[in-house]
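Engineer: Residue numbers (my numbering): 416 to 669. Backbone N, C-alpha and C define an ideal beta-carbon position, used for all residues, glycine too. Values in this document were obtained by computation on a predicted structure and should not be read as measured data. Below is a structure I'd like to ask you about.
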């Protein structure tokens, strides 16, 4: 077990904390990475935390913009999730994408920091995102190879079946809910082998929706999320346009 003192989190909305709103935190988001940092800070009198993740970022910009910035901060722990936004694009060269990811992970591992990577979630049950299941599985196998090559630890999201519960997801069905972020913090701390006081979310039995209620929910989701999301793809814009990293430098938690 190791007490970390310089933690840097990289990635997109998953790591920025979208789905876990909290006005007390930068960008109005808490998220699993902030929760992990809180637990690590409780174990060290000299703890610093930076979160460079920005929603909507593709893997290329994450590697190009965040990796060197992270290396400059001299971390002893780095978490990085990248590629989720790429995997939802119509056309994708997965091999080229993961080759670029490999280059970034090599830089991070060369610092001597503990590096944690993530597999993508198995959304096979989802009527929409389930269509990407084969692509996600290929990505995950390549990510496992990158992790093995560079001695990175792996948070195996693909195998976390507790996320089959819709309540672990926010209203947009794409980002984790508060409960989802709490649970992910617990999962990351388990991989690190760090003692913590986070309990698994106790959601109780899932409510059964009548078919009419489900249809109404699906129509609302299509109108409020899917159509605007497709519109951004067509216009070439991103939900992260104009958004800055929530914690660009290593600072103590306040």
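Return the residue from the list 466, 458 and 471 that minimises the CA-CA distance to residue 656.
Structural biologist: Of 466, 458 and 471, the residue nearest in Cα terms is 471.
Engineer: What do you get for residue 490, buried or exposed, if any count of 16 or more other CB atoms within 10 angstroms of its CB means buried?
Structural biologist: With 16 or more other Cβ atoms within 10 Å, it is buried.
Engineer: Give me whichever residues DSSP pairs with residue 532 in a beta bridge.
Structural biologist: Answer by DSSP bridge pairing, in chain order: 495 and 569.
Engineer: Can you tell which of 626, 518, 476 and 554 has its C-alpha closest to the C-alpha of residue 660?
Structural biologist: Nearest C-alpha to residue 660: 476.
Engineer: Taking just the CA atoms, how far does residue 577 sit from residue 516?
Structural biologist: Answer to the nearest angstrom: the Cα atoms are 28 Å apart.
Engineer: In the DSSP assignment, the beta strand (DSSP E) including residue 665 goes from what residue to what residue?
Structural biologist: Looking at the DSSP string, the run of the beta strand (DSSP E) that includes residue 665 is 662-666.
Engineer: Closest by CA to residue 569, which one among 541, 550 and 603?
Structural biologist: Taking only the C-alpha atoms, the option nearest residue 569 is 603.
Engineer: Check each candidate in 552, 559 and 542 and name the one with the smallest Cα separation from residue 581.
Structural biologist: Of the candidates 552, 559 and 542, the one whose C-alpha sits nearest the C-alpha of residue 581 is 542.
Engineer: Whose CA, out of 443, 457, 452 and 425, lies closest to the CA of residue 480?
Structural biologist: Looking at the Cα atoms, 425 is the closest of the given residues.
Engineer: Rounded to whole angstroms, how far is the Cβ of residue 465 from the Cβ of residue 662, which I believe are closer than 8 Å?
Structural biologist: So it is a contact: roughly 5 Å between Cβ atoms.
Engineer: What span of residues does the alpha helix (DSSP H) with residue 598 cover, start to end?
Structural biologist: Element bounds for residue 598: 593-607.
Engineer: Is the CB-CB distance between residue 573 and residue 600 below 8 Å?
Structural biologist: No, the pair does not count as a contact, with Cβ atoms beyond the cut-off.
Engineer: Applying the criterion that 16 or more other CB atoms from any shown protein chain within 10 Å of the CB defines a buried residue, is residue 474 buried or exposed?
Structural biologist: Buried, since its Cβ has 16 or more Cβ neighbours within 10 Å.
Engineer: Roughly how many angstroms lie between the CA atoms of residue 478 and residue 623, to the nearest whole one?
Structural biologist: So the alpha carbons of these two residues sit roughly 42 Å apart.
Engineer: Give the secondary structure of residue 423 by DSSP, where H, G and I count as helix, E and B as strand, and everything else as coil.
Structural biologist: Here residue 423 sits in strand by DSSP.
Engineer: Is the stretch 493-513 touching the stretch 526-534 in the sense that three or more CB pairs, one from each, lie closer than 8 Å?
Structural biologist: Touching, yes, given that three or more Cβ pairs across the two stretches are closer than 8 Å.
Engineer: Whole angstroms is fine: what's the gap from residue 555's alpha carbon to residue 549's?
Structural biologist: So the alpha carbons of these two residues sit roughly 10 Å apart.
Engineer: Looking at residue 665: is its Cβ nearer than 8 Å to the Cβ of residue 446?
Structural biologist: Taking 8 Å as the Cβ cut-off, residue 665 and residue 446 do not qualify as a contacting pair.
Engineer: Hey, quick one: how far does the alpha helix (DSSP H) through residue 452 stretch, first residue to last?
Structural biologist: It spans 446-456 - the alpha helix (DSSP H) in which residue 452 sits, taken as one unbroken run.
Engineer: Residue 467: which of 453, 458, 429 and 455 sits nearest, CA to CA?
Structural biologist: Out of 453, 458, 429 and 455, 429 has the C-alpha closest to the C-alpha of residue 467.
Engineer: Any idea which residues DSSP pairs residue 584 with across the strands?
Structural biologist: Residue 584 is bridged to 591.
Engineer: Output needed for residue 527: all residues of its chain with C-beta closer than 8 Å, excluding positions within five of it in sequence on either side, in chain order.
Structural biologist: Cβ neighbours of residue 527 beyond the five flanking positions: 491.
Engineer: Run through DSSP, which three-state label would residue 460 get?
Structural biologist: In the structure shown, residue 460 sits in coil (DSSP, three-state: anything other than H, G, I, E or B).
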